[in-house]
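Student:
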Amino acid sequence: DTGVSQNPRHKITKRGQNVTFRCDPISEHNRLYWYRQTLGQGPEFLTYFQNEAQLEKSRLLSDRFSAERPKGSFSTLEIQRTEQGDSAMYLCASSWAENQPQHFGDGTRLSIL
Amino acid sequence: KQEVTQIPAALSVPEGENLVLNCSFTDSAIYNLQWFRQDPGKGLTSLLLIQSSQREQTSGRLNASLDKSSGRSTLYIAASQPGDSATYLCAVPRKAGGTSYGKLTFGQGTILTVHP
């Protein structure tokens, strides 16, 4: 069990650029979640995959955001035309069942200049 | 809509003290509650998960209780140590139209400082 891995750990970019984050879940976990956390707040749900199927997206996820999980393994989260308000910590979590603990990665901190 | 509140927002205690962190939720139709720890600049570490059929879970110096009917959970930390300093978050799965998929609604957290 190597844990949930996220890359990069930090991303600094100019407003208007596109960014992509990667999440590698725990290998036997078929459920994968993306959350966003801003300073002083708890994480907020963004989207959920079961295997390769994206089953739910939050209203927080505007059309500039897209997520994929090809072959039900790793997942990517892409933000197009970044805005100042996108600055946050993006967290990925995985679990093997709905009623089992979610395990989180260390997150990707995005800073928009 | 499920709302989760954590009290206090911050807590500072001397080393060795026992302490209690509180979590309340508005919709009691949950099937579990999870407590996490978050160190500065890091992700979340799962501490305890209590299923709705359970009233308590224990791990080392940590004990979490759940009272679904009153919408409350507590995290008890015994004999606190400076290494326990972190933000503690509680979270419950959120249901919409009978489907949850396990997505979590979090409280804002309690920032704990244990000083030597």
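Sequence lines, in order, name chains U and A.
All residue numbers for the first sequence refer to my numbering, where the first residue is 1 and numbers rise by one.
All residue numbers for the second sequence refer to my numbering, where the first residue is 1001 and numbers rise by one.
Glycine included, C-beta positions come from ideal geometry on N, C-alpha and C.
With burial defined as no fewer than 16 other Cβ atoms inside 10 Å of the residue's Cβ, what is the status of U:Gly16: buried or exposed?
Tutor: When all chains shown are included, U:Gly16 counts as exposed.
Student: Given that A:Gln1034 touches chain U, what residues does it touch there, using C-beta distances under 8 Å?
Tutor: Per Cβ cutoff of 8 Å: Pro101, Gln102.
Student: State yes or no: is the beta carbon of A:Phe1106 nearer than 9 Å to at least one beta carbon in chain U?
Tutor: At least one chain U Cβ lies under 9 Å of A:Phe1106.
Student: With burial defined as no fewer than 16 other Cβ atoms inside 10 Å of the residue's Cβ, what is the status of A:Thr1026: buried or exposed?
Tutor: A:Thr1026 is exposed by the Cβ-count criterion.
Student: Between U:Lys11 and U:Leu110, how many whole angstroms is the CB-CB distance? I'm expecting something under 8 Å.
Tutor: Confirmed, Cβ separation roughly 5 Å.
Student: If you reduce the DSSP assignment to three classes, tell me which class A:Pro1008 lands in.
Tutor: Correct three-state label for A:Pro1008: coil.
Student: Under the rule that 16 or more other beta-carbon atoms within 10 Å means buried, what is A:Thr1105, buried or exposed?
Tutor: A:Thr1105 comes out buried.
Student: With H, G and I counted as helix, E and B as strand and the rest as coil, what does DSSP make of U:Lys11?
Tutor: Correct three-state label for U:Lys11: strand.
Student: Determine the burial state of U:Pro43: buried for a count of at least 16 other Cβ atoms within 10 Å of its Cβ, exposed for fewer.
Tutor: Under this definition U:Pro43 is a buried residue.
Student: According to DSSP, is U:Gln84 helix, strand or coil?
Tutor: U:Gln84 falls in the helix class under three-state DSSP.
Student: In chain U, what lies closer than 9 Å to A:Gly1083 by C-beta?
Tutor: Within 9 Å Cβ-Cβ: nothing; A:Gly1083 doesn't reach chain U, min ~18 Å.
Student: Would you call the segment 1073-1093 of chain A in contact with the segment 55-64 of chain U, where contact means no fewer than 3 C-beta pairs closer than 8 Å?
Tutor: Result no; under three Cβ-Cβ pairs closer than 8 Å.
Student: Just to confirm, are U:Gln6 and U:Asp24 a CB contact at a threshold of 9 Å?
Tutor: A contact, by the Cβ cut-off of 9 Å.
Student: May I ask you to list, following chain order, the residues of the segment 1024-1048 of chain A that have a beta carbon less than 7 Å from some beta carbon of chain U?
Tutor: Flagged, chain order: Tyr1031, Asn1032, Gln1034, Lys1042, Gly1043, Leu1044, Ser1046.
Student: Mapping DSSP to helix, strand and coil, what is A:Asp1067?
Tutor: In this structure, A:Asp1067 counts as strand in the three-state DSSP scheme.
Student: Which residues does DSSP pair with U:Tyr48 in a beta bridge?
Tutor: According to DSSP, U:Tyr48 bridges with U:Tyr33, U:Glu56.
Student: Which same chain residues, not among the five before or five after U:Ala88, have their C-beta less than 7 Å away from its C-beta?
Tutor: Cβ neighbours of U:Ala88 beyond the five flanking positions: Arg36, Gln37, Thr38, Leu110.
Student: Nearest-angstrom Cα distance between U:Leu77 and A:Leu1066?
Tutor: When rounded, the distance between both Cα atoms is 35 Å.
Student: So which residues on chain A does U:Gly105 lean against when the C-beta distance must stay under 8 Å?
Tutor: Per Cβ cutoff of 8 Å: Gly1043.
Student: According to DSSP, what are the bridge partners of A:Arg1072?
Tutor: Bridge partners of A:Arg1072: A:Ser1024, A:Asp1067.
Student: Since U:Phe21 sits in a beta bridge, which residues does DSSP pair it with?
Tutor: U:Phe21 pairs with U:Leu77.
Student: A:Asn1018: buried (16+ other C-beta within 10 angstroms of its C-beta) or exposed?
Tutor: Exposed, since its Cβ has fewer than 16 Cβ neighbours within 10 Å.
Student: Please list the partners that A:Gly1060 has in chain U, where partner means a Cβ-to-Cβ separation under 8 Å.
Tutor: Here the premise fails: no neighbours, minimum Cβ distance about 16 Å.
Student: Give the straight-line distance between the Cα atoms of U:Ile26 and A:Thr1005, rounded to the nearest whole angstrom.
Tutor: Spanning the two alpha carbons is a distance of roughly 30 Å.
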